[in-house]
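K.L.:
In this note's numbering, the protein residues as written are 9 to 302.
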């Protein structure tokens, strides 16, 4: 089977992500017994009860979740996650051996924070390919498939429950330290998933000078806009509502243009988390493929 560049890059991201996850676990989480969530957190939480070697437990659970995820999420997931299932335990054991006589930090707060950052970045890179690290990120992927709840939120909930499990075997203080890892990991998952996108705003404009504002949006900002039909809740009058999506850096100019046309214009400004289509992702893809020449 011939692999194109996009597939090769996906596999590279899977390997890089698993390396980062393994480094976070071997360098920060396990040496400091951090209740981080995920399989590493479970291994730390259950060790006082079953006294199973954390690396062994992580390896066994990794393969178990891989089989479960493959049944639910399909062939494409299984192919990509199979690489994670092999790479993650391999990297974990190699890095553990390399760091056997070294400790990156003995401060549990620093270990929790930086471990979460590196772990979240690794998980996010793997998520970008549609795969997983083969561990506790599989349940969030399954829930996301059927609910569309943001992956970062689901990872945080799952890891939070894992941290709560650790209260029974460790202490409340250990759980509080672990929450730092959960929060930083969830934050970095979201950042990794949105990396490469454009920061944009969606703006609704209600004005008596719709035509003038539209002309300025088209000529000064080189952006399209949509006219929505609205009705005043109090007056019952029909009104035109302009919907425009712009890049963040264009907002000061738009604000200035609208005020110059109508100082009494009503504006609603929101951050747009993701924008796809002409003028945004379509132009980016065309540039990558060499379809637009400068």
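The beta-carbon is built from N, C-alpha and C at its ideal position, and this holds for glycine as well. Keep in mind that this is a model prediction, so the values were computed, not measured.
#1: For residue 162, which three-state DSSP category applies?
#2: From residue 218 to residue 252, what distance separates their C-alpha atoms?
#3: Quick one: Cα of residue 194 to Cα of residue 115, how far?
#4: State the start and end residues of the unbroken alpha helix (DSSP H) segment that holds residue 83.
#5: Please confirm whether residue 131 and residue 25 have their CB atoms less than 8 Å apart.
#6: Three or more beta-carbon pairs under 8 Å between the stretch 103 to 110 and the stretch 27 to 41, yes or no?
#7: If you drop the 5 nearest sequence neighbours on each side, which residues of the same chain put their C-beta closer than 6 Å to that of residue 246?
#8: Please tell me whether residue 63 and residue 100 are closer than 8 Å, where the distance is taken between their beta carbons.
#9: Just to confirm, are residue 28 and residue 51 a CB contact at a threshold of 8 Å?
#10: Using C-beta distances below 8 Å, list every residue in its chain close to residue 226, excluding the 5 sequence neighbours before and after it, in chain order.
#11: Out of 143, 44, 53, 34, which one is the CA nearest neighbour of residue 70?
#12: Measuring from the CB of residue 253, is there a heavy atom of the ligand MN at a distance below 7 Å?
#13: Out of 74, 84, 264, which one is the CA nearest neighbour of residue 137?
#14: So, is residue 176 buried or exposed, given that buried needs 16 or more other C-beta atoms within 10 angstroms?
#15: Only counting the same chain, and skipping five residues up and downstream in sequence, which positions put a Cβ closer than 7 Å to that of residue 80?
#16: Please state the DSSP three-state secondary structure of residue 240.
#17: Note down the Cα distance separating residue 262 from residue 248, rounded to an integer number of angstroms.
#18: If you follow the alpha helix (DSSP H) that residue 218 is in, where does it begin and where does it stop?
#19: Give me, in chain order, the residues of the same chain whose beta-carbon lies closer than 6 Å to that of residue 20; leave out the 5 immediate sequence neighbours on both sides.
#20: Identify whether residue 113 lies in helix, strand or coil by the three-state DSSP scheme.
#21: Name the residue from 167, 199, 172 whose alpha carbon lies nearest to the alpha carbon of residue 183.
#22: Quick check on residue 208: does DSSP put it in helix, strand or coil?
#23: Quick one: grab the DSSP three-state call for residue 61.
#24: Check whether the stretch 258 to 277 touches the stretch 207 to 215, taking contact to mean three or more Cβ pairs, one atom from each stretch, closer than 8 Å.
#25: DSSP three-state label for residue 149, please.
#26: Where residue 57 and residue 15 are concerned, what is the direct C-alpha to C-alpha distance, given to the nearest angstrom?
#27: For residue 20, which residues does DSSP report across the bridge?
#28: Measure the CB-CB distance between residue 103 and residue 35 and report whether it falls below 8 Å.
#29: Which same chain residues end up closer than 7 Å to residue 162 when comparing Cβ atoms and leaving out the 5 residues on each side of it in sequence?
P.N.:
Reading from the atomic positions:
#1: The residue labelled residue 162 in the question sits at position 154 within the chain shown. Reduced to three states, the DSSP call for residue 162 is helix.
#2: Looking up residue 218 in the chain shown gives position 210. Looking up residue 252 in the chain shown gives position 244. Approximately 12 Å between the Cα atoms of the pair.
#3: Within the chain shown, numbered from 1, the residue matching residue 194 stands at position 186. Within the chain shown, numbered from 1, the residue matching residue 115 stands at position 107. Straight-line Cα distance between these residues: approximately 21 Å.
#4: Numbered from 1 along the chain shown, position 75 holds the residue referred to as residue 83. Per DSSP, residue 83 belongs to the alpha helix (DSSP H) from 83 to 106.
#5: Residue 131 sits at position 123 when you count from the first residue of the chain shown. Residue 25 sits at position 17 when you count from the first residue of the chain shown. Yes; because the gap between Cβ atoms is below 8 Å, this pair is in contact.
#6: yes
#7: On the chain shown, residue 246 is found 238 positions in, with the first residue counted as 1. If we look at residue 246 and ignore the five residues flanking it on each side, its Cβ neighbours are 239.
#8: As a working mapping, residue 63 is identified with position 55 in the chain shown. As a working mapping, residue 100 is identified with position 92 in the chain shown. Against a cut-off of 8 Å, the Cβ pair of residue 100 and residue 63 comes out as a contact.
#9: Translated into the one-based positions of the chain shown, residue 28 becomes position 20. Translated into the one-based positions of the chain shown, residue 51 becomes position 43. Contact: no.
#10: Position 218 of the chain shown holds residue 226. For residue 226, where only same-chain residues beyond five positions count, the Cβ hits under 8 Å are 232, 233.
#11: For the purposes of this step, residue 70 is taken as residue 62 along the chain shown, with counting starting at 1. Of the listed residues, the one whose Cα sits closest to residue 70 is 143.
#12: This structure lacks the ligand MN, and indeed carries no ligand of any kind.
#13: By one-based count along the chain shown, residue 137 stands at place 129. Closest by alpha carbon: 84.
#14: Your numbering for residue 176 matches position 168 in the chain shown. Classification of residue 176: exposed, given that the 10 Å Cβ count is below 16.
#15: Residue 80 sits at position 72 when you count from the first residue of the chain shown. Cβ neighbours of residue 80 beyond the five flanking positions: 150.
#16: For the purposes of this step, residue 240 is taken as residue 232 along the chain shown, with counting starting at 1. Coil.
#17: As a working mapping, residue 262 is identified with position 254 in the chain shown. As a working mapping, residue 248 is identified with position 240 in the chain shown. C-alpha separation (whole angstroms): 18 Å.
#18: On the chain shown, residue 218 is found 210 positions in, with the first residue counted as 1. From DSSP, the alpha helix (DSSP H) with residue 218 extends over 218 to 228.
#19: Here residue 20 refers to the residue found at position 12 of the chain shown. Taken in chain order, the list of residues that qualify is empty.
#20: Residue numbering aside, residue 113 sits at position 105 when the chain shown is read from its first letter. The answer is coil: DSSP assigns residue 113 none of H, G, I, E or B.
#21: Within the chain shown, residue 183 is the residue found at index 175, counting from 1. Of the listed residues, the one whose Cα sits closest to residue 183 is 172.
#22: Within the chain shown, residue 208 is the residue found at index 200, counting from 1. DSSP places residue 208 in strand when its eight states are reduced to three.
#23: Within the chain shown, residue 61 is the residue found at index 53, counting from 1. Here residue 61 sits in coil by DSSP.
#24: yes
#25: The sequence position of residue 149 within the chain shown is 141, counting from 1. Residue state, collapsed to three classes: helix.
#26: Taking the first residue of the chain shown as 1, we reach residue 57 at position 49. Taking the first residue of the chain shown as 1, we reach residue 15 at position 7. Distance between the alpha carbons of residue 57 and residue 15: 42 Å.
#27: By one-based count along the chain shown, residue 20 stands at place 12. BP columns for residue 20 are empty, so no partner.
#28: Looking up residue 103 in the chain shown gives position 95. Looking up residue 35 in the chain shown gives position 27. A contact, by the Cβ cut-off of 8 Å.
#29: Counted from its first residue, the chain shown places residue 162 at position 154. Result list for residue 162: 148, 151, 152, in chain order.
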